[in-house]
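>
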Amino acid sequence: MKNKCIFLSMLAIVVAMFSMYSCTEDAYVKLGRSYSAPSNLLYMDLLNARDHSYIKSARPTVDTGNLMAYFEITSVKDDAGNELSDDSKAFVSVINPIPVNVPFDEDKWYVDEVTGDSVKSAAAFNTLEAGCIVIADGNDFESGTYHFDVTVSTTDPDGNTYSSTFQNAFNLTIQPQLVKNLMYWPVSQNLVPGDALFSVTTKALPLDGNKDNITYQLGDYQDTLEINPTTGVLSLVDGFTTSERIELQPQVQIVNTESHEVQSFSGSDVITVVITPSPVSDLPTLEYMNAFYPPLTYRNSVSGFTYTIVEQGIVPEASFWKGVGASSHPDAKAGRPSDIGLVKGVMMPVTVAGKVNTPIDTWMFMNPQNLTMYRAFHQKAVFYMQSKYLEYMPDGSQPTNVDVMVSTDYVDKIDEATWVKINDQLTCEMGSNTQVGMPYFGDLTHIEGESAEIAALKDANQFKSDGNWFKCSFDLDDFAFSNKVTVAFRVYNTYEGEIVSPSTSGNGRPGNFTFSDIHYVVEFN
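Counting from 69, one number per residue, gives the positions in the sequence shown under our numbering.
#1: Among the residues of its own chain, which have a CB less than 7 Å from the CB of I408, if the five just before and after it don't count?
#2: CA-CA distance, A421 and V479?
#3: Does the segment 248 to 265 come close enough to the segment 335 to 343 that 3 or more CB-CB pairs lie under 8 Å?
#4: Looking only at its chain, what residues have a beta carbon closer than 8 Å to the beta carbon of S231, apart from the 5 residues adjacent to it on each side?
#5: Identify, in the order they occur along the chain, each residue of the same chain with its Cβ nearer than 7 Å to the Cβ of E329, setting aside the five sequence neighbours on each side.
#6: Which complete beta strand (DSSP E) runs does the segment 346 to 391 hold, if anything under 3 residues is left out?
#7: Under a three-way DSSP split, which group does L246 fall into?
#8: According to the neighbour-count rule (16 or more other Cβ atoms, all chains shown, within 10 Å of its Cβ), is N561 buried or exposed?
#9: At what residues does the alpha helix (DSSP H) containing G403 begin and finish?
#10: Taking the beta strand (DSSP E) that K176 belongs to, which residues open and close that run?
#11: Which residues in the same chain have their Cβ closer than 8 Å to the Cβ of R118, if we skip the five residues on either side of it in sequence?
#12: Just to confirm my understanding: we take P128, look at its own chain, exclude 5 residues before and 5 after, and list those with CB closer than 7 Å. What are they?
#13: Measuring alpha carbon to alpha carbon, tell me which residue in N438, K423, K448, T419 is nearest K456.
#14: Quick check: what's the CA-CA separation for S334 versus K157?
#15: Note down, in chain order, each residue of its chain lying with its Cβ closer than 6 Å to the Cβ of V162, except the 5 sequence neighbours on either side.
#16: Kindly indicate which three-state DSSP category Y252 falls into: helix, strand or coil?
#17: On the three-state DSSP scale, how would you describe N150?
#18: On the three-state DSSP scale, how would you describe K72?
#19: Could you check the C-alpha separation between V320 and T213 for me, to the nearest Å?
#20: Roughly how many whole angstroms lie between the Cα atoms of P345 and D155?
#21: May I ask you to list the residues that DSSP assigns as paired with W487?
#22: Measuring only the C-alpha atoms, how far is A126 from G184?
#23: Tell me the rounded alpha-carbon separation between T502 and K539.
#24: Are the segment 276 to 290 and the segment 308 to 326 in contact at 8 Å, needing three or more beta carbon pairs?
#25: What residues in its chain sit with their C-beta under 8 Å from that of Y366, if we drop five residues either side in the sequence?
#26: Rounded to a whole number of angstroms, what is the C-alpha to C-alpha distance between L152 and Y563?
#27: For R558, which of N491, L544, D534, G565 has the nearest alpha-carbon?
#28: Would you say D534 and R404 are within 8 Å of each other, going by their C-beta atoms?
#29: Report the rounded CA-to-CA distance for E591 versus Y460, giving the unit in angstroms.
#30: How about P347 and D263: are their beta carbons less than 8 Å apart?
#31: Rounded to the nearest angstrom, how far is the Cβ of F542 from that of A449, given a contact under 8 Å?
#32: When DSSP labels each residue in this structure, what does Y442 get in the three-state scheme?
#33: With a threshold of 16 other CB atoms inside 10 Å of the CB of F549, please say whether the residue is buried or exposed.
#34: Count the other CB atoms within 10 Å of the CB of D483; is the residue buried (16 or more) or exposed (fewer)?
#35: Taking the C-alpha atoms as reference points, what is the distance between T269 and P318?
#36: Below 8 Å on the Cβ atoms is my contact criterion, and I expect N425 with I382 to pass it. Report the Cβ-Cβ distance as a whole number of Å.
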């Protein structure tokens, strides 16, 4: 009788979980209820997407009478009412409910009276993104407005199906892709009044985005400089003279002639104009620039990264890749740009203290970057990393691994991309110690015995890295041909089954891992 009561209690918990993961308030059906076709599908219109880029709608709402909703895109038309070609529609998909396995806390486990098995989890559906419409990166959608017809289907407990088609349910307006990076080469240039050889700069180099429908204008120094609206070439205004050396970093603005949006670029990594009475050779040099330095403030691409959970274990989803304080490493603090605002670290806690831990597998993806614009120069990635609470298994094996991966074709599915593991290409530093390859993390002091293998592991543990920050870098030159380079950090357990993680110390604590100040550097010397 006791087991039966426990089973009924757990059934209620499963129902609650199922409700939590569904897109309606309740995910179960009350006896005697009648059903009807879905109604009141509502999407938020998306008005500022960019052409040829990855686009994802917000999750819609829909009335289904508490039944699970499944979505299908049945038509996509442009603003003139023309149906898009099959090639264009091949970029479009919609997310539907995903089966998941929700683990119970240990004190909620129960025994199935029929099978006698211990029940430690429940089947449910993740509908957090159900109905979201996705247009793949690299799509052929041009600027304009598009309208999507969506069919929503449900099935009641007796197997009866219901469906409704909603015309123009989702409306998408796409704007031109804007230029994100601008520079002149060389970045320092000399202008001399009255000297024909030093009368103009080189052309502006928009390094990405839509380069066809743009013009240039100056945001400042109009009394000294003028700009060619077609080429971006800078020159002195007629009649300007000087008897002194003048150094300017003008604000060059790009105007998109299609959307009329204006972007401003300035600084030593764009152009420094040196105006002198006669030609000079001692122009300022630029040794390096940060091509990509995301703040990592939030868990979304706006802050520079996204993540996915392949295997969750017992770690709560809200804890995955959460923001924490940025690295205290002196190099990180000294090199952190002042113009990107608050910088955070991102922590992946694998250890759940005092609990029965099960394996996890998760990836953090940096926003894809176009490296072709700097392919003539040396490029590298730099990041700072800290491990805590990692203690080895009794045989000296590491319960958690960290892999650094690079892809040039990743969009949103790990298995469909090609990945290069570059752990052995890392150069990692802590204090005066430098090591090639991923450091051997954690604490080996509790490992008993001095076998040759474990002794070698202890020797390799030169960083004593528990709680300390170390700096790692690796070359990106092998990927400089690609306009979509994704660097990813994978954290995953190597053990199978279960291990208990004590609250203080002991064998097999999986550890916590924090990453900070992940950025890409272009070196000009």
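Cβ coordinates follow ideal geometry from the N, Cα and C atoms, glycine included.
Treat the numbers as computed from the prediction; the structure is a model and nothing was measured.
So, from the data block:
#1: In the sequence shown, the residue the question calls residue 408 occupies position 340. Around I408: Y361, P363.
#2: Numbered from its first residue, the sequence shown carries residue 421 at position 353. Numbered from its first residue, the sequence shown carries residue 479 at position 411. Whole-angstrom Cα-Cα distance: 35 Å.
#3: yes
#4: Against the sequence shown, residue 231 aligns to sequence position 163. A105, P106, T219, V220, S221, T222.
#5: Walking along the sequence shown from the start, residue 329 turns up at place 261. L246, listed in sequence order.
#6: 356 to 360, 373 to 379
#7: Here the question's residue 246 lines up with position 178 in the sequence shown. Coil.
#8: In the sequence shown, counting from the first residue as 1, residue 561 sits at position 493. N561 should be labelled buried.
#9: Working through the sequence shown from its first residue, we reach residue 403 at position 335. From DSSP, the alpha helix (DSSP H) with G403 extends over 398 to 403.
#10: Position 108 of the sequence shown, counting from 1, holds the residue named residue 176. Per DSSP, K176 belongs to no beta strand (DSSP E) and is neither H nor E.
#11: One-based indexing of the sequence shown puts residue 118 at position 50. Counting only Cβ-Cβ distances below 8 Å, and skipping sequence neighbours, we find I242, Q243, P244, Q245, L246.
#12: If you number the sequence shown from 1, residue 128 lands on position 60. Its chain contains L109, L110, Y111, G199 as the residues whose beta carbon lies nearer than 7 Å to that of P128, once the 5 sequence neighbours on both sides are disregarded; these appear in chain order.
#13: For the purposes of this step, residue 456 is taken as residue 388 along the sequence shown, with counting starting at 1. Residue T419 is the option with its Cα nearest to K456.
#14: If you number the sequence shown from 1, residue 334 lands on position 266. If you number the sequence shown from 1, residue 157 lands on position 89. So the alpha carbons of these two residues sit roughly 40 Å apart.
#15: Position 94 of the sequence shown, counted from the start, is the residue given in the question as residue 162. Result list for V162: F139, I141, I201, in chain order.
#16: Residue numbering aside, residue 252 sits at position 184 when the sequence shown is read from its first letter. Y252: coil per DSSP, three-state reduction.
#17: Residue 150 sits at position 82 when you count from the first residue of the sequence shown. If DSSP states are grouped into helix, strand and coil, N150 belongs with coil.
#18: Translated into the one-based positions of the sequence shown, residue 72 becomes position 4. With a pLDDT of only 37 at K72, under 50, the local geometry of the prediction cannot be trusted, and no value is derived from it.
#19: Numbered from 1 along the sequence shown, position 252 holds the residue referred to as residue 320. Numbered from 1 along the sequence shown, position 145 holds the residue referred to as residue 213. The alpha-carbon atoms of V320 and T213 are separated by roughly 30 Å.
#20: For the purposes of this step, residue 345 is identified with residue 277 of the sequence shown, where counting begins at 1. For the purposes of this step, residue 155 is identified with residue 87 of the sequence shown, where counting begins at 1. The alpha-carbon atoms of P345 and D155 are separated by roughly 60 Å.
#21: Counting from one through the sequence shown, the residue named residue 487 turns up at place 419. W487 pairs with nothing; no bridge assigned.
#22: To locate residue 126, count along the sequence shown from 1; it is residue 58. To locate residue 184, count along the sequence shown from 1; it is residue 116. Whole-angstrom Cα-Cα distance: 43 Å.
#23: Residue numbering aside, residue 502 sits at position 434 when the sequence shown is read from its first letter. Residue numbering aside, residue 539 sits at position 471 when the sequence shown is read from its first letter. Spanning the two alpha carbons is a distance of roughly 9 Å.
#24: yes
#25: As a working note, residue 366 is residue 298 in the sequence shown. Within the same chain, Y366 has close Cβ partners G391.
#26: Taking the sequence shown and counting its residues from 1, one reaches residue 152 at position 84. Taking the sequence shown and counting its residues from 1, one reaches residue 563 at position 495. Approximately 49 Å, taken between the alpha carbons.
#27: Walking along the sequence shown from the start, residue 558 turns up at place 490. Checked all of N491, L544, D534, G565; the closest Cα to R558 is N491.
#28: In the sequence shown, counting from the first residue as 1, residue 534 sits at position 466. In the sequence shown, counting from the first residue as 1, residue 404 sits at position 336. No, the Cβ-Cβ distance between D534 and R404 is not below 8 Å.
#29: Stepping through the sequence shown from its first residue, residue 591 is reached at position 523. Stepping through the sequence shown from its first residue, residue 460 is reached at position 392. The straight-line gap from Cα to Cα measures roughly 39 Å.
#30: Along the sequence shown, read from residue 1 onward, the residue named residue 347 stands at position 279. Along the sequence shown, read from residue 1 onward, the residue named residue 263 stands at position 195. Going by C-beta atoms, P347 is nearer than 8 Å to D263.
#31: Mapped onto the sequence shown, residue 542 falls at position 474. Mapped onto the sequence shown, residue 449 falls at position 381. Right, their Cβ atoms sit about 6 Å apart.
#32: Residue 442 sits at position 374 when you count from the first residue of the sequence shown. Helix.
#33: Indexing the sequence shown from 1 puts residue 549 at position 481. That one is exposed.
#34: Here residue 483 is taken as the residue at index 415 of the sequence shown, counted from 1. By the neighbour-count rule (16 or more Cβ atoms within 10 Å), D483 is not buried but exposed.
#35: The residue labelled residue 269 in the question sits at position 201 within the sequence shown. The residue labelled residue 318 in the question sits at position 250 within the sequence shown. Those two C-alpha atoms are separated by around 12 Å.
#36: If you number the sequence shown from 1, residue 425 lands on position 357. If you number the sequence shown from 1, residue 382 lands on position 314. Right, their Cβ atoms sit about 6 Å apart.
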